[in-house]
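Numbering-wise (the UniProt record's numbering), the sequence shown opens with residue 1 and increments by one.
Each residue gets a CB set at the ideal place from its N, CA and C atoms; glycine is no exception.
This report concerns only the one structure given below.
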Amino acid sequence: MDLELQSLTPDTVTRERNPIKGKFGQAKTAYGLDNIKARLKETSESWIACIFMVLNLVKLAWELYFWLKIKNMNRHFSAMIEIHAKRLVKIMAGVSSIHQPLFLKVKIIPLI
1 MDLELQSLTP DTVTRERNPI KGKFGQAKTA YGLDNIKARL KETSESWIAC
51 IFMVLNLVKL AWELYFWLKI KNMNRHFSAM IEIHAKRLVK IMAGVSSIHQ
101 PLFLKVKIIP LI
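Quick look at the structure:
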């Protein structure tokens with residue numbers, strides 16, 4: 001028996017099938033996949049293709065939105081880290097060698 005067929009337990013099949021069934025349900029309720037009134041086969045196929053194209057465009061738009069949001073957040077956090085690093089450098093430059101913080105005076109002894 002094939003290894004792929006052995007790994008397909010009923011739970012695995014159900015987990016893989018649920019998102020697909022959900023997309024078809026969304027296409028039926030929100031985009032009218034269950035109410036196509038075209039009479040010709042070609043027209044019906046065109047309507048179905050357009051509905052799935054819209055589903056893909058909506059998914060792409062959400063992914064683009066979140067990608068831009070994460071990119072903007074990363075840029076914001078990078079700027080914040082850079083500002084704090086510059087402040088830390090200024091603070092450390094202003095500290096004289098006598099008044100160095102404790103963590104700068106600690107010697108690291110290698111463990112053998």
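Shown here, Asp34 sits in coil according to DSSP, grouped into three states, outside any helix or strand. Annotation note: the UniProt domain "Transposase DDE" (13-57) contains no uninterrupted alpha helix (DSSP H) run of length 4 or greater.
In the pairwise beta carbon analysis, the region 44-63 is classified as touching the region 14-29: at least three pairs are separated by under 8 Å.
Straight through space, the alpha carbons of Asn56 and Glu45 are spaced by roughly 16 Å. The three-state reading of DSSP puts Leu68 in helix, counting H, G and I together. The residue from Lys21, Ser78, Leu68 and Trp47 with its alpha-carbon nearest to that of Gly32 is Trp47. In its own chain, leaving out the 5 sequence neighbours on each side, no residue places its CB closer than 7 Å to the CB of Ile83.
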